[in-house]
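Protein chains in written order, with our numbering: chain Y, 172 to 419; chain R, 434 to 688.
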Amino acid sequence: MNEKTDHKVVLSIEHLYKSFGENKVLNDFNLVLNSGENVVVLGKSGSGKSVLIKCIIGLLKPDSGSIKVFDEEITVLSNSGLDKIRERVGFLFQGNALYDSMTVKENLEFPLRRHWIKMSKEKTNELVNQALEDVGLAQTLNMMPAELSGGMRKRIAMARTLILKPEIILYDEPTTGLDPITGKEIVQLMVDIKNKYNTASLIISHDMNCVKLAGDKVAVLIDGKCYAFGNYETLSKTTDVQLKRYFE
Amino acid sequence: MRDKAVKYFLLEAGNLSAFTGKFFSKWFKPNYETSEFLKQCYVIGVGSLPLVGLTGFIMGLVLTMQLRPFMIDYGVESQLPAIVGIAIVREIGPVITALIFAGKIGSSIGAELGSMKVTEQIDAMEVSGTNPFKYLVISRVMATTLMLPILIIIGDAISIYGSYLGINIKGNTSLQFFWSQLYDSLEFRDVLPAFIKTYFFGFAIGIIGCFKGYNSNKGTEGVGKSANSAVVLSSVAVFILDLLAVQITDLMGFN
Ligand SMILES: Nc1ncnc2c1ncn2[C@@H]1O[C@H](COP(=O)(O)OP(=O)(O)OP(=O)(O)O)[C@@H](O)[C@H]1O
Ligand SMILES: [Mg+2]
Numbered sequence: 172m173n174e175k176t177d178h179k180v181v182l183s184i185e186h187l188y189k190s191f192g193e194n195k196v197l198n199d200f201n202l203v204l205n206s207g208e209n210v211v212v213l214g215k216s217g218s219g220k221s222v223l224i225k226c227i228i229g230l231l232k233p234d235s236g237s238i239k240v241f242d243e244e245i246t247v248l249s250n251s252g253l254d255k256i257r258e259r260v261g262f263l264f265q266g267n268a269l270y271d272s273m274t275v276k277e278n279l280e281f282p283l284r285r286h287w288i289k290m291s292k293e294k295t296n297e298l299v300n301q302a303l304e305d306v307g308l309a310q311t312l313n314m315m316p317a318e319l320s321g322g323m324r325k326r327i328a329m330a331r332t333l334i335l336k337p338e339i340i341l342y343d344e345p346t347t348g349l350d351p352i353t354g355k356e357i358v359q360l361m362v363d364i365k366n367k368y369n370t371a372s373l374i375i376s377h378d379m380n381c382v383k384l385a386g387d388k389v390a391v392l393i394d395g396k397c398y399a400f401g402n403y404e405t406l407s408k409t410t411d412v413q414l415k416r417y418f419e
Numbered sequence: 434m435r436d437k438a439v440k441y442f443l444l445e446a447g448n449l450s451a452f453t454g455k456f457f458s459k460w461f462k463p464n465y466e467t468s469e470f471l472k473q474c475y476v477i478g479v480g481s482l483p484l485v486g487l488t489g490f491i492m493g494l495v496l497t498m499q500l501r502p503f504m505i506d507y508g509v510e511s512q513l514p515a516i517v518g519i520a521i522v523r524e525i526g527p528v529i530t531a532l533i534f535a536g537k538i539g540s541s542i543g544a545e546l547g548s549m550k551v552t553e554q555i556d557a558m559e560v561s562g563t564n565p566f567k568y569l570v571i572s573r574v575m576a577t578t579l580m581l582p583i584l585i586i587i588g589d590a591i592s593i594y595g596s597y598l599g600i601n602i603k604g605n606t607s608l609q610f611f612w613s614q615l616y617d618s619l620e621f622r623d624v625l626p627a628f629i630k631t632y633f634f635g636f637a638i639g640i641i642g643c644f645k646g647y648n649s650n651k652g653t654e655g656v657g658k659s660a661n662s663a664v665v666l667s668s669v670a671v672f673i674l675d676l677l678a679v680q681i682t683d684l685m686g687f688n
């Protein structure tokens, strides 16, 4: 648990296949994520980006292939084994998935439930306040999600993801549906978080700002494969017709 | 067309059975979500009380007023408390209260879990290391199973009080006389089977609401559908269980 800096590769995906009936969504997908690195996955709507990260967190079972998180093969893990991994991996849902019957505070406390018995009230409050400060929304503690704006909800969802100080964060379209300015703020927040906690992240996005500012590497998902992988500068100069469309 | 309907019905029945099976397999493992369970008991029990009380009261009152002329015609007016009491305790109280409960709680559970499913809140729980089935389903089903019988007892009592008032609109019966009439005619074998079946009603309403919500389709339309079909299916289930209960008590010689 404590050897976090020992890992070079924190996530590796090999020959991943996933289909729903006739619909082959992932078709021999490969990707590697190193510690302290941000990789952006580009792909058009419906290309299987959400499916990909749901496979990584174990919400979907791939048909075949291997997904190693911290050298642990998650496709064969039992529920309790999966839980151990999920403690160290944050997941930001595309639609935030805030619990709308709970206050912001209760939302943030929810991931701490797994440490329920061990954790004191003071420690819980400290973590909640810390996470809210990290996203700059300390004043919303007792509000309900319905009372917040879209950008605020996104930040709260990020705070909930951050509260356990994950070593990997999986962002599913963090800026989609936000205005460009708020979107930029969220991207900046992602960069700040990475610098502060030295997390590795897999960011799913089609926002070029996000790609430029937050991504160290870019992976392009086309036809269920990792069609191209590299840094933004190299990929944006590509002459490949398929690829070019993503960087215009 | 008919093939499709039959197939859908069988599939649905199979899935509901599997869901119920999952409920028991998880239920037998300890560490319950106690605080969520208590919260649900409060929401479900206390929340339904006014409605159950109101409908129960009206039912007792109306039933008495409707039966009264007949009883007078046959010269058995003094039997009115006994007749109404038996009708309420054995059949009308449990079934009407269960139907009201299905309408209120079945739909709200279906809609709540449905929207949680659609907005990925259930997935978020799973990722947060909390078993959503335990947290959401077990606590709700246990709450409905335990709360409905209590609501029915309260509803029956209010109903009977309504009936007492109904008798006194056109006549004069002391509460004491009314009570002794009722007490003499109600037997243990009237009360016990009627009470036991209410646990099954509560369980059925809870599990069907959760099943429909938990398997909700994407989109807001899916949420509405699951709330709606939760009410329809659990109301039908109440009648079917009632039919089974009367057959079983008959076989056991309780009737
Ligand atoms: N649970 C599921 N059952 C059946 N098909 C699914 C399921 N989840 C996803 N799909 C299918 O997989 C494909 C990819 O979906 P996915 O949600 O991963 O797209 P996406 O790349 O995240 O798109 P977007 O940018 O719009 O979020 C779609 O064709 C979708 O219909
Ligand atoms: Mg998606």
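For glycine and all other residues, C-beta sits at the position ideal for the given N, C-alpha and C.
Quick one: which residues of the stretch 266–280 of chain Y get their C-beta closer than 7 Å to a C-beta of chain R? List them in chain order. Against chain R - using a Cβ distance shorter than 7 Å - the residues of the stretch 266–280 of chain Y are G266, A268, Y270.
What residues from chain R crowd round Y/D254, counting only those whose CB sits closer than 8 Å? By Cβ distance, chain R contributes G562.
Chain R contact residues for Y/P282, given Cβ-Cβ distances below 8 Å: Listed along chain R are S561, G562, each with a C-beta nearer than 8 Å to that of Y/P282.
Same chain only: Cβ atoms within 6 Å of R/P565, ignoring 5 sequence neighbours per side: Result list for R/P565: I555, M558, E559, in chain order.
In terms of residues, what are the limits of the alpha helix (DSSP H) holding R/I477? For R/I477, there is no enclosing alpha helix (DSSP H), as DSSP gives it neither H nor E.
Who's in the neighbourhood of ligand 2, going by beta-carbon under 7 Å from any heavy atom, listed in chain order? Qualifying residues, in the order they occur: Y/K220, Y/S221, Y/Q265, Y/D343, Y/E344, Y/I375.
Report yes or no: is there a C-beta of chain Y within less than 8 Å of the C-beta of R/T682? R/T682 does not count as touching chain Y.
Can you confirm whether R/Q473, when its beta carbon is compared against all beta carbons of chain Y, has any partner nearer than 8 Å? With 8 Å as the cut-off, R/Q473 does not count as an interface residue toward chain Y.
Roughly how many angstroms lie between the CA atoms of R/N648 and R/L443, to the nearest whole one? Just so you know, the alpha carbons of R/N648 and R/L443 end up roughly 16 Å apart.
Taking 7 Å as the cut-off, is the beta-carbon of R/F461 closer than that to any non-hydrogen atom of ligand 1? No; taking the cut-off as 7 Å, the Cβ of R/F461 has no heavy atom of ligand 1 nearer than that.
Taking 7 Å as the cut-off, is the beta-carbon of Y/F191 closer than that to any non-hydrogen atom of ligand 1? Yes, the Cβ of Y/F191 comes within 7 Å of a heavy atom of ligand 1.
Report the CB separation of Y/K396 from Y/D199 in whole angstroms; it is logged as a contact under 8 Å. Taking 8 Å as the upper bound for CB-CB distance, Y/K396 and Y/D199 are in contact here, some 6 Å apart.
Secondary structure of R/S649, DSSP reduced to three states: Here R/S649 carries a coil assignment [DSSP, helix/strand/coil].
On a Cα-Cα basis, can you pick out the residue from Y/Y342, Y/A309, Y/C226, Y/E297 that is closest to Y/G266? Checked all of Y/Y342, Y/A309, Y/C226, Y/E297; the closest Cα to Y/G266 is Y/Y342.
What is the DSSP secondary structure of Y/N201, reduced to helix, strand or coil? If DSSP states are grouped into helix, strand and coil, Y/N201 belongs with the strands.
Start-to-end residues for the alpha helix (DSSP H) that takes in R/K414: This structure cannot speak to residue 414 of chain R, because chain R is shown only from 434 to 688.
Confirm the yes/no value for this check: CB of R/N448, any heavy atom of ligand 1, distance under 7 Å. In terms of side-chain proximity, the C-beta atom of R/N448 is found no nearer than 7 Å to any non-hydrogen atom of ligand 1.
Using only the alpha-carbon positions, how far apart do R/N650 and R/L546 sit? Using only the alpha carbons, I get a separation of about 11 Å.
Which residues share a DSSP beta bridge with Y/Y342? Answer is Y/L263, Y/I374, bridged to Y/Y342.
Residue closest to R/G489, alpha-carbon to alpha-carbon, out of R/D506, R/Y597, R/I641: Out of R/D506, R/Y597, R/I641, R/Y597 has the C-alpha closest to the C-alpha of R/G489.
Compile a chain-ordered list of the residues in the stretch 540–570 of chain R whose CB is closer than 7 Å to at least one CB of chain Y. Correct list: T552, E553, Q554, D556, A557, E559, V560, S561, G562, T563.
So R/I591 is in the alpha helix (DSSP H); what residue range does that whole segment cover? In the DSSP assignment, R/I591 falls within the alpha helix (DSSP H) that extends over 572–602.
Got a sec: does ligand 1 put a non-hydrogen atom nearer than 7 Å to the Cβ of Y/I218? Note that residue 218 of chain Y is Ser in the sequence shown here, rather than Ile. Yes, since a heavy atom of ligand 1 falls inside the 7 Å radius drawn around the Cβ of Y/S218.
Less than 8 Å separating the beta-carbons of Y/N209 and Y/A399? With respect to the 8 Å criterion, Y/N209 and Y/A399 are not classified as neighbours on the basis of their beta carbons.
Cβ atoms of Y/L231 and Y/K225: under 8 Å apart, would you say? Cβ distance < 8 Å, so Y/K225 and Y/L231 count as in contact.
Closer than 8 Å, CB to CB, is Y/I228 near chain R or not? Taking a beta-carbon distance threshold of 8 Å, Y/I228 counts as an interface residue toward chain R.
Chain R residues whose Cβ lies nearer than 8 Å to that of Y/R259: Near Y/R259 there are no residues of chain R at all, since even the closest Cβ is about 11 Å away, more than 8 Å.
Considering only the beta carbon of each residue, do R/I587 and R/L484 sit closer than 8 Å? For R/I587 and R/L484, no; Cβs fall outside 8 Å.
Does at least one heavy atom of ligand 1 sit under 7 Å from the Cβ of Y/G214? Answer for Y/G214: yes, Cβ within range of ligand 1.
Specify the secondary structure class of Y/L182 as computed by DSSP and reduced to three states. Looking at Y/L182 - three-state DSSP - the assignment turns out to be strand.
Any heavy atom of ligand 1 closer than 7 Å to the Cβ of Y/N267? False, no ligand heavy atom lies under 7 Å from that Cβ.
Contacting residues, own chain, Cβ-Cβ under 6 Å from R/S659 (five flanking each side not counted): Around R/S659: G543, G547, K645, G646, S649.
Return the residue from the list Y/H186, Y/L204, Y/S206, Y/D378 that minimises the CA-CA distance to Y/L197. Of the candidates Y/H186, Y/L204, Y/S206, Y/D378, Y/H186 places its Cα closest to the Cα of Y/L197.
Y/R326, buried or exposed, once every other Cβ within 10 Å from all chains shown has been counted against 16: Here Y/R326 is buried. Its C-beta has 16 or more other C-beta atoms within 10 Å.
heavy atom of ligand 1 below 7 Å from Y/N194 C-beta: The closest heavy atom of ligand 1 lies less than 7 Å from the beta carbon of Y/N194.
Are the C-beta atoms of R/S450 and some chain Y residue less than 8 Å apart? So, not an interface residue.
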